[in-house]
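Following the working numbering, the numbering of the sequence shown begins with 15 at its first residue and continues without gaps. Glycine included, every Cβ here is placed at the ideal spot set by N, Cα and C.
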Amino acid sequence: MLIDKIIHELQNIPEDKLAEIYDIIHSFRLGLERELSDEETPTEIVIEGIHQGIREALSGQTLPLSEMWEGIDAE
15 MLIDKIIHEL QNIPEDKLAE IYDIIHSFRL GLERELSDEE TPTEIVIEGI HQGIREALSG
75 QTLPLSEMWE GIDAE
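As structure tokens, then:
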């Protein structure tokens with residue numbers, strides 16, 4: 015089993031280097047979690063943006079169209 019091979023390799027690493035290995039593994043795992051959440055987040059962000067826009071429109075918090083694109087530079 016692959017996990018057994020990984021554990022065997024870890025057992026052969028000097029004790030003073032294990033913190034570095036831990037940091038690598040931990041960072042890798044966090045990166046995987048970010049990738050998974052990034053795949054789900056755009057839809058959630060879009061839906062929340064739509065809800066926010068509807069709330070603002072219904073409460074009269076709108077901008078004139080002439081001001082809407084101020085400060086945005088198109089390249």
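With a cutoff of 8 angstroms on beta-carbon distance, isoleucine 38 and leucine 24 are scored as not near each other. Isoleucine 86 sits in coil when the DSSP states are folded into three classes, being neither helix nor strand. DSSP places leucine 24 inside the alpha helix (DSSP H), whose first and last residues are 16–25. Taking the Cα positions, proline 78 is about 46 angstroms away from phenylalanine 42. When DSSP states are grouped into helix, strand and coil, serine 73 belongs to the coil group.
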